[in-house]
Every structure is written in structure tokens, then in C-alpha cells.
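Numbered according to the working numbering, the sequence shown spans residues 1191 to 1480.
The beta-carbon is built from N, C-alpha and C at its ideal position, and this holds for glycine as well.
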Amino acid sequence: MKVRELAGRTAAGSVLVTGVSSGIGRAIAVRLAEAGRLVFGTVRRREDADALAALGLPGLRPLRLDLARLERLPEVVRTVDAELARAGEPGLSALVNNAGGSLVGPVELMDLEAFATELRVRLLAALALLQAFLPSLRRAAGRVLWIATPGLLPTPYATGIHACDFAVNCIARTLAIEIGGGGPKVVLIRCGAIRTRSGMATAGDLAASLAGRPPERRALYEEKLARWARSMAELDAKRSAPERVAETVERALAAARPRSRYRVGYLSGVAGLIETLPQPLVDRLLAARG
Ligand SMILES: NC(=O)c1ccc[n+]([C@@H]2O[C@H](COP(=O)([O-])OP(=O)(O)OC[C@H]3O[C@@H](n4cnc5c(N)ncnc54)[C@H](OP(=O)(O)O)[C@@H]3O)[C@@H](O)[C@H]2O)c1
């Protein structure tokens, strides 16, 4: 797609996307920058910032920010505000909360430090960014998007991920009510199985997350986890491309009246459907699989 650059500034608004070094975040950042938007994308490592800069997209601005730590957040806010002012933008048109890892394993053996990091990245950082940028988002009649799971389900060995999704769902929907009536629109992008580093790494991550756990307690899960790893490997072959999520995000940003939820990717429809069933039935269905 051709970059629409107008006399040194980009058209079509500005977007801040978290976690653009790879996967869904990268696909979103690249697609929106190619469409002529001014895109601020957070990355942790310098080499990731350099790799994005090397794409030569004039609107793409990588920003270094570790979302688990956030001490650089005030500097990032100042940089974004200054760039927006330079570009003549009234404010930020969209915040896309995307960054997150892939913490897998049974609840009993969950690495609590890793879970604390995940909570900081998926929840606290998203809230901190939201609080910092809401005035700017209001000025631009902007949108807040959350990249999330397709259904709120008790998915075995994925609590590290899905507990965050339940909380994101609560925050996003409550926020929509609190700032509704003219405030920035809040949109959940509910993704099915997407082909990304985190998505595909689940079996390997599982082995790493169980290392060092007491063997007698690991043994309780060995058979189930071997079955789970096999089903994950089968799923990997069917995952959707992250570019499909980027396409959906672009649609949600372009719509005059965006929906509050969009579904995209393999299994997103069926997961959403299962979520609507009575909870005891959902639990039985998931137990039969797990
Ligand atoms: N893949 C799926 O099937 C799927 C489905 C539904 C929802 N999601 C959600 O989609 C989001 C993106 O994941 P993905 O699948 O695209 O995986 P990914 O390729 O691994 O991307 C994750 C991104 O988050 C960043 N990140 C992780 N920890 C961070 C931290 N402390 N500070 C700053 N950035 C951090 C990563 O940066 P680094 O490179 O520095 O680690 C990376 O850019 C996640 O929230 C995930 O839960 C994924």
C-alpha cells in the first residue's frame, strides 16, 4: 500500500500501539503507518526500534518503553505530545493496548513472578497509558482498543494469559460506561488463534515454566500436559495471520461508529459462542477437552 504523506506530515490521525516488536502489534503498526497514520509503537529493545525504522515508513515512530517498569512513561508521553503538536494533530486518535506475553502452565505451578510481570504489562501499564492519554484522546475524539482473547473461558493451562483477559474485559467495558456519552469509544478486538511468537511458543514455554517445580507435583500433570501440548501443535497449523488482526483494527479505526467488539481469527467465533453458554456447561465442555 502506498504511504500517503502530505507535506511532511501524515494523514488519517495518530495511533499509539504497545508491543510492536513482533506479532499482532507489529502487523498493526506497519499497516496503519502504510495507510498514512502517524504511529507511535512501543518496543523494549533498541534493535527492534532499529528494525522498524529500517522499514522506512515515515509515519512509524518506535518508542522505547518497558511496560513492566514504566519509569520512562512520562518521557514517552512528552515525546508523543510534542510529535502530535508538530504534526498539527489535535490529540491522539487511538491507543491500542496490545503488548503481552504467553505465560502457560497449571495454576498450581504458576511462576508468580512471571505472572506479576504479565499483570503489570497487560493491566497496570494499559491503565497508566490510558490515564496519561485520555485528555489527548478526548481532544481527538479518539478510540481505545484492546487486543484480547475471543472468549472469556476457563481455558486449562492458560490462566496466566486469560486471567488478564478477564480483567481487561472488565476494565474496557466499565471504562466504556464511565467515559461514554461523547468520550473516546472503547473497542475490544477479540482475537482467535493467531500465528505469532507468543501464540506458537506455548509448548516450549510450558517446559520452561515448569522447570524447577517439584517433580512430584509436576508428575500430577504430565499426561494432561503432554496431551495439551499435542493439541497446541495441531492448533498452530491452523492459526490466522496477524495481518488479519491489523486489518480489523484498521476497520475499527475507520468506522464512523465503531462496534464495541470485533472478532477475528481462527476459533474466534466458536469461542465467543461457548462464552454465552451457562457457566457449568462451559466448565464441563472445557474439562472434557483438557
Ligand atoms: N497470538 C494469539 O493467538 C493471541 C490471541 C488473542 C490475544 N492475543 C494477545 O495479543 C497480544 C500480542 O501478542 P502476540 O500474539 O502478537 O505475541 P508476540 O508476537 O509475542 O508479541 C508480544 C508483544 O508484547 C511485547 N511485550 C511483552 N512484554 C513486554 C513488556 N514488559 N514491555 C513492553 N512490551 C512487552 C513484546 O515485546 P518483546 O519483543 O520486547 O518481548 C511484543 O512486542 C497479547 O496481549 C496477547 O495476549 C494473542
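Per DSSP, the beta-bridge partners of V1286 are V1207 and L1335. K1375 has R1333 as its beta-bridge partners, per DSSP. One alpha carbon belongs to E1424, the other to L1222, and they sit about 31 Å apart. Proximity of the beta carbon of G1341 to ligand 1 is not indicated: no heavy atom of the ligand is located closer than 7 Å. Pairing V1266 with L1257 gives a Cβ-Cβ distance that is not under 8 Å. In the three-state reduction of the DSSP assignment, S1450 falls in the coil class. Assigned with DSSP and collapsed to three states, P1252 falls in strand. When secondary structure is reduced to three states using DSSP, L1425 falls in the helix class. Taking a contact as a CB-CB distance under 8 Å, the pair T1349 and L1476 does not count as one, their CB atoms being some 12 Å apart. Under the three-state reduction of DSSP, R1227 is assigned to coil, being neither helix nor strand. In this structure, ligand 1 has no non-hydrogen atom nearer than 7 Å to the beta-carbon of L1250. About 18 Å separates the beta carbons of F1323 and L1378, which is beyond the 8 Å limit, so they are not a contact pair. Three or more Cβ pairs drawn from the region 1287–1307 and the region 1346–1366 lie within less than 8 Å of each other, which places the two stretches in contact. Here the distance from the Cβ of S1399 to the nearest heavy atom of ligand 1 is not below 7 Å.
Using a Cβ-Cβ distance cut-off of 8 Å, the region 1200–1215 and the region 1229–1249 are in contact, since at least three pairs of beta carbons, one from each stretch, lie closer than that value. Annotated as proximal: L1343 and V1472, with beta-carbon spacing under 8 Å. As computed with DSSP, A1383 is found in a beta bridge with Y1456.
Annotated three-state conformation of V1220 is helix, per DSSP. DSSP, read as helix, strand or coil, puts S1292 in coil. It is roughly 13 Å from the alpha-carbon of L1335 to the alpha-carbon of A1219. Within the model, the alpha-carbon separation for R1251 versus L1228 is close to 8 Å. Taking a cut-off of 8 Å on C-beta distances, the region 1368–1384 does not touch the region 1205–1212, as fewer than three cross pairs fall below it.
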